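Using my numbering, count along the sequence shown one by one with no gaps and you end on 1450.
Cβ atoms here follow ideal geometry from the backbone N, Cα and C, with glycine treated the same way.
Bear in mind that the values here come from a model prediction, so they are computed numbers and not experimental data.
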Amino acid sequence: MGRTWAGRRRAQWVGATALATAAVACGVALMAAPAEEYPAIDGWIREPEASKAAPRAAGDPSRAAVAAELADAAAAAGLAAGRVHPAEEGGTADCIADWTGDGPADEARLAALETALEERGWQVMARRGDPFPEVALSSGSWRLELHNGGLLNTTTLVAKRSTAPCDEAFRRAEETQGPRG
1270 MGRTWAGRRR AQWVGATALA TAAVACGVAL MAAPAEEYPA IDGWIREPEA
1320 SKAAPRAAGD PSRAAVAAEL ADAAAAAGLA AGRVHPAEEG GTADCIADWT
1370 GDGPADEARL AALETALEER GWQVMARRGD PFPEVALSSG SWRLELHNGG
1420 LLNTTTLVAK RSTAPCDEAF RRAEETQGPR G
């Protein structure tokens, strides 16, 4: 079985910490890129450059602001909302924002959705095509994976906040609930 999102993040943190410690011990300034967020081994193809979207200027958005952006971008792309899932509870409540459509998007609407997200400050980081199309975007501390099709046969936007408190909350949730929740 593959690693879960939280497990990969924890492994990346341990590796980055060890590398930074070694660089400081040798007197070398560490200016390398962050650990691989979207590894090729998982099928991700990183964008050669971040998309042309301007980075978010107003700081890190709240969960409510991200949820509103996702809904607004989907509406701008002409996608209809599907079933509303119950909001996250507990320690991860402020760390996840999502939106689910009523079915998969055609190529034109998927492109319009990506454009609408970029207009709202999201930057495309990577893409994956198998077994169904996915796009990874980021905005501030938020990481968004856009899924089209898949097991639910719908367009799904799931944004997770990548901060120390949220990473810890995801770790605790995985330990207590298991990788499938």
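Boundaries of the alpha helix (DSSP H) around Thr1445: Ala1433 to Gln1446. Between the stretch 1430 to 1441 and the stretch 1354 to 1372, the count of Cβ pairs shorter than 8 Å is three or higher; the stretches touch. Assignment of Arg1332 by DSSP, reduced to helix, strand and coil, places it in the helix class. Counting along the chain, the unbroken alpha helix (DSSP H) around Glu1387 starts and ends at Glu1376 to Glu1388. In the same chain as His1416, and ignoring 5 residues on each side of it, the C-beta atoms closer than 6 Å to its own belong to Glu1403 and Thr1425, in chain order.
Nearest Cα to Ile1310 within the set Asp1399, Ala1380 and Gly1418: Asp1399. Across the structure, Gly1360 and Gly1390 are spaced so that their CA atoms are roughly 26 Å apart. Taking 8 Å as the cut-off, the Cβ atoms of Arg1430 and Ser1408 do not count as close.
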